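In the numbering used here, the protein residues as written are 28 to 347. The beta-carbon is built from N, C-alpha and C at its ideal position, and this holds for glycine as well. Bear in mind that the values here come from a model prediction, so they are computed numbers and not experimental data. Report on the structure given below.
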């Protein structure tokens, strides 16, 4: 910690993270659990992206799912590898620049995923309620514009908060009771007026989380009412699709709303919610969206068959 000239404030070069637990038995169990979830999450989301990209028969709006998988791979990789690495370290540290970088990427991909889930809900609305206009409404150009909008909103959401954090003065402890950096705990260590910064985080992250959640739930209720009125033969499939979307929305937005709407003082359950958001949700998304989706199952089997044929040819050529 390097003191500023002529003042009581200090420039922090690093933060000490308290992590999740100091018990060796718990550390081993958590390491095995987190490693399994992380590997499964990354492989599942990469498989989803590869399947969609490699099969031209998947229509354009399916690329929303590819983007969701890309985002989930990023979400799982921002904090989880360091969290697993730090489990067995007595002195867990992260540099100031590393902390700011973590917060930037967490909120960029988080904000993008929120908008993307709204876009996917709109896609389902058009597919279920206006199927005859689906290909016209969800044209490749429209999909590209909606994806660009999602990433732009995510970037602005992150930068709008980070701009107030970059030059914060610090005094006192540099110990953060967490396993990664995020705005609520970062602000607690600053000497600046914390109330205005707390309000900024609650107004920005809290508002976008809560607002998006209610928009999504309202849209799903509207779609559900429409499906029941029609009572067509395709309603079971539509209900199955909606249930998958609602499950993802609850898992994703529940922890966000609790952490960012009431971030001060921090709740004891905050660490559990952070783990759930950073690791468990990216693991569940491919299971809910991909492995239950018949439109994805067939191309995925086709991809596996091609891979097996390719491997057999290689072994055959080596045998020759």
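Legend entry - Presumed contact (8 Å Cβ cut-off) between residue 207 and residue 110, rounded CB distance: Residue 207 sits at position 180 when you count from the first residue of the chain shown. Residue 110 sits at position 83 when you count from the first residue of the chain shown. Confirmed, Cβ separation roughly 6 Å.
Inset, instruction - Kindly indicate which three-state DSSP category residue 206 falls into: helix, strand or coil? - result: As a working mapping, residue 206 is identified with position 179 in the chain shown. DSSP, read as helix, strand or coil, puts residue 206 in coil.
Legend entry - Three-state secondary structure (DSSP) of residue 193: Position 166 of the chain shown, counted from the first residue, corresponds to residue 193. In the structure shown, residue 193 sits in coil (DSSP, three-state: anything other than H, G, I, E or B).
Inset, instruction - Return the CA-CA distance between residue 350 and residue 156, expressed in angstroms with no decimal places. - result: Residue 350 is absent from the structure shown; the chain starts at 28 and stops at 347.
Legend entry - Start and end residues, beta strand (DSSP E) containing residue 44: Here the question's residue 44 lines up with position 17 in the chain shown. Residues 41-44.
Inset, instruction - Could you pull out every residue in the same chain whose Cβ sits closer than 7 Å to the Cβ of residue 185, ignoring the five residues on either side in sequence? - result: For this step, residue 185 is matched to residue 158 along the chain shown. In chain order, 131, 134, 135, 138 place their CB closer than 7 Å to the CB of residue 185, counting only its own chain and leaving out the 5 sequence neighbours on each side.
Inset, instruction - Note down, one range per segment and in chain order, each alpha helix (DSSP H) of at least 4 residues found wholly within the segment 78-159. - result: List check, alpha helix (DSSP H) in window: 90-113, 123-156.
Legend entry - Neighbourhood of residue 182 by C-beta, 6 Å cutoff - its chain only, sequence neighbours within 5 removed: Translated into the one-based positions of the chain shown, residue 182 becomes position 155. Closer than 6 Å at the Cβ level, and outside the excluded window around residue 182, lie 135.
Legend entry - Nearest-angstrom Cβ-Cβ length linking residue 301 and residue 205, presumed shorter than 8 Å: Position 274 of the chain shown, counting from 1, holds the residue named residue 301. Position 178 of the chain shown, counting from 1, holds the residue named residue 205. Their Cβ separation, rounded to whole angstroms, is 7 Å, which keeps residue 301 and residue 205 in contact under 8 Å.
Inset, instruction - Say yes only if the C-beta of residue 69 is nearer than 7 Å to one or more non-hydrogen atoms of the ligand ADP, and no if none qualify. - result: Although the ligand ADP was asked about, the structure shown includes no ligands whatsoever.
Legend entry - Given 8 Å, three or more beta-carbon pairs between the segment 280-287 and the segment 185-205: Output reads no: the segment 185-205 does not touch the segment 280-287.
Inset, instruction - May I have the straight-line CA-CA distance separating residue 35 from residue 122, to the nearest angstrom? - result: Here residue 35 is taken as the residue at index 8 of the chain shown, counted from 1. Here residue 122 is taken as the residue at index 95 of the chain shown, counted from 1. Caution is warranted here: a pLDDT of 49 is assigned to residue 35, below 50, making its placement in the model unreliable, and the coordinate value is therefore given only provisionally. Their backbone Cα atoms lie some 21 Å apart in a straight line.
Legend entry - C-beta atoms of residue 350 and residue 119 nearer than 8 Å: The displayed coordinates of the chain run from 28 to 347. Any statement about residue 350 would go beyond what the structure contains.
Inset, instruction - Figure out for me which residue from 153, 209, 174 has the closest Cα to the Cα of residue 125. - result: Against the chain shown, residue 125 aligns to sequence position 98. Closest by alpha carbon: 209.
Inset, instruction - Could you name the residues that DSSP lists as bridge partners for residue 217? - result: Taking the first residue of the chain shown as position 1, residue 217 is located at position 190. As computed with DSSP, residue 217 is found in a beta bridge with 197.
Inset, instruction - With DSSP as the reference, label residue 327 as helix, strand or coil. - result: The residue given as residue 327 occupies position 300 in the chain shown. Three-state DSSP puts residue 327 in a helix.
Inset, instruction - Compute the Euclidean distance between the alpha carbons of residue 307 and residue 279, then round it to the nearest angstrom. - result: Within the chain shown, numbered from 1, the residue matching residue 307 stands at position 280. Within the chain shown, numbered from 1, the residue matching residue 279 stands at position 252. Their backbone Cα atoms lie some 10 Å apart in a straight line.
Inset, instruction - Work out the CA separation of residue 112 and residue 54 for me, nearest whole Å. - result: Walking along the chain shown from the start, residue 54 turns up at place 27. Walking along the chain shown from the start, residue 112 turns up at place 85. Each residue's Cα considered, the two are about 11 Å apart.
Legend entry - Buried or exposed by the 16-neighbour rule on C-beta atoms within 10 Å, applied to residue 359: With the chain running from 28 to 347 in the structure shown, residue 359 is simply not present.
Legend entry - Limits of the alpha helix (DSSP H) - the one that residue 299 falls within: Position 272 of the chain shown holds residue 299. That run of the alpha helix (DSSP H) goes 297-302.
Inset, instruction - Evaluate residue 232 with the Cβ neighbour count: other Cβ atoms within 10 Å of its Cβ, from every protein chain shown; 16 or more gives buried, anything less gives exposed. - result: Position 205 of the chain shown holds residue 232. Looking at its Cβ environment, which holds 16 or more other Cβ atoms inside 10 Å, residue 232 is buried.
Inset, instruction - Give every residue of the same chain whose Cβ lies closer than 7 Å to the Cβ of residue 76, excluding the five residues on either side of it in the sequence, and list them in chain order. - result: For the purposes of this step, residue 76 is taken as residue 49 along the chain shown, with counting starting at 1. Result list for residue 76: 93, 96, 97, in chain order.
Inset, instruction - Determine the extent of the alpha helix (DSSP H) in which residue 312 is found, giving its start and end residues. - result: Along the chain shown, one-based indexing puts residue 312 at 285. Its alpha helix (DSSP H) spans residues 308-316.
Inset, instruction - Taking residue 48 as part of the alpha helix (DSSP H), name the residues at either end of that continuous run. - result: Taking the first residue of the chain shown as 1, we reach residue 48 at position 21. Note, residue 48: premise wrong, no alpha helix (DSSP H); not H, not E.
Legend entry - 8 Å Cβ cutoff met for residue 197 and residue 172: Numbered from 1 along the chain shown, position 170 holds the residue referred to as residue 197. Numbered from 1 along the chain shown, position 145 holds the residue referred to as residue 172. The answer is no: Cβ separation not under 8 Å.
Legend entry - residue 247 beta carbon less than 8 Å from that of residue 269: Here residue 269 refers to the residue found at position 242 when the chain shown is read from its first residue. Here residue 247 refers to the residue found at position 220 when the chain shown is read from its first residue. Yes, the Cβ-Cβ distance between residue 269 and residue 247 is below 8 Å.
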